[in-house]
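First residue of the sequence shown: 41, per this note's numbering; consecutive thereafter. Glycine residues also receive a C-beta, built at the ideal position from the N, C-alpha and C atoms.
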Amino acid sequence: MNKRAYAPIGIFDSGIGGLTVVNAVREALPSENIIYFGDTARVPYGIKSIDTIREYALEITDFLLKRDIKLILVACNSVSAAANNEIRRHCGAIPVLDVVEAGTKAALEQDSERNSIGVIGTLATVGSGTYEKSIRAIQPNKKIYSKACPLLVPLAEEGWYNNEVSELVLKKYLDDFIKLNIDSLILGCTHYPLFKMQIEELLNGRDTIVIDSALSIAGMAKELLTTKNLLNPAHEKGRFDCFVSDKPQRFQALAERFLGEKLNKIEIISLTS
Ligand code: DGL
41 MNKRAYAPIG IFDSGIGGLT VVNAVREALP SENIIYFGDT ARVPYGIKSI
91 DTIREYALEI TDFLLKRDIK LILVACNSVS AAANNEIRRH CGAIPVLDVV
141 EAGTKAALEQ DSERNSIGVI GTLATVGSGT YEKSIRAIQP NKKIYSKACP
191 LLVPLAEEGW YNNEVSELVL KKYLDDFIKL NIDSLILGCT HYPLFKMQIE
241 ELLNGRDTIV IDSALSIAGM AKELLTTKNL LNPAHEKGRF DCFVSDKPQR
291 FQALAERFLG EKLNKIEIIS LTS
């Protein structure tokens, strides 16, 4: 028996978006212990420079490594876009999976009659061209249409999804995609699955699959842990420990609403002191 199997999985994001990944991982791997970090003091990441996002990402990676995790899931597309290689280098032998590779994999597994994919994400993610690179590395001839939707992260952090304000904002952002003939639309920001129902309704009748990389990364994590003989063998539900960099009360209310359960105390951690 591999003793490391009992170690937790580290998952992080700028805020509540990464909880979409937590949800999917807890569904796929219920006995795993999870340590989550939401950088609530510095959210949103998507409007910041690549250098700044990279610096934040490495601080959080250090925090998780100190907690002896067995796997890191980068549950933030903006971080994946800014610091994928650096995080992997930093982690050495600890495996890392990220949402951009997961989203790419899920999109390329879909039927591709029209040979075209849409991507929505933060300014950092779309500006970096990370999805174009990762999709074209596998299928060079794909047509890819990307659009930054910067207002969606503040709306999600405010808990404003499935309401009339998000409806209006989504209509404005998705107008182009409603006209374009795309096979799938990648939700290239982990906050966006909160709007998935509304997005699917807006694209209704278009025969476009909406890709949530959270489901895909959870499947990849299960596969990786199985291959490495690192699946937690416990029979009881795994622990979920949550850390943030500011205002845990607010995060707690949003997280409990989203995860549909009461959470243990959420701790504030300062990464910079
Ligand atoms: N949820 C993150 C992402 O996937 C970050 C959003 C933000 O903080 O702007 O890009």
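The way I'd put it, the region 257-275 does touch the region 131-143; three or more beta-carbon pairs between them come closer than 8 Å.
Per the C-alpha coordinates, the member of D53, P70 and Y76 positioned closest to C282 is Y76. Beta-bridge pairing by DSSP links C282 to Y76. By the neighbour-count definition (other C-beta atoms within 10 Å, threshold 16), T101 is a buried residue. For G278, same chain residues with a beta-carbon under 6 Å away, outside a window of 5 residues either side, are S71, E72 and N73 in chain order. Judged by DSSP secondary structure, K173 falls outside any beta strand (DSSP E) and instead within the alpha helix (DSSP H) spanning T170 to R176. Within the chosen limit of 6 Å, ligand 1 does not reach the beta carbon of T80 with any heavy atom. When the Cα atoms are used, S168 and N203 turn out to be separated by approximately 30 Å. If the five residues before and after G57 are omitted, its C-beta is found closer than 6 Å to the C-beta atoms of T230 and H231, all from its own chain and listed in chain order. Distances between the C-beta of G143 and the heavy atoms of ligand 1 are all 6 Å or more. The beta carbon of Y185 is closer than 8 Å to those of S156, I157, G158, V159, D216, F217, L220 and I222 in its chain, skipping five residues each way along the sequence.
Contact between the region 234-254 and the region 262-280 is not established, with fewer than three Cβ pairs separated by less than 8 Å. For D138, same chain residues with a beta-carbon under 7 Å away, outside a window of 5 residues either side, are V114, S120 and N124 in chain order. Closest option to V61, judged by alpha-carbon separation, among T267, G228 and I93: G228.
In chain order, L195, L234, F235 and Q238 place their CB closer than 8 Å to the CB of Y201, counting only its own chain and leaving out the 5 sequence neighbours on each side. Spanning the alpha carbons of F280 and A147 requires a straight line of approximately 29 Å. Cβ contact annotation for Q179 (same chain, cutoff 7 Å, sequence separation greater than five): L148, in chain order. DSSP places L148 in no beta strand (DSSP E) but in the uninterrupted alpha helix (DSSP H) bounded by V139 to L148. Taking 7 Å as the cut-off, the Cβ atoms of D79 and S310 do not count as close. The Cβ atoms of P288 and V193 lie no closer than 7 Å to each other.
Across the structure, A97 and T165 are spaced so that their CA atoms are roughly 14 Å apart. For G259, the uninterrupted alpha helix (DSSP H) segment begins and ends at S253 to T267. Residue pairing by DSSP puts D53 in a beta bridge opposite G78.
If you draw a straight line from the Cα of I226 to the Cα of K305, it is about 33 Å long.
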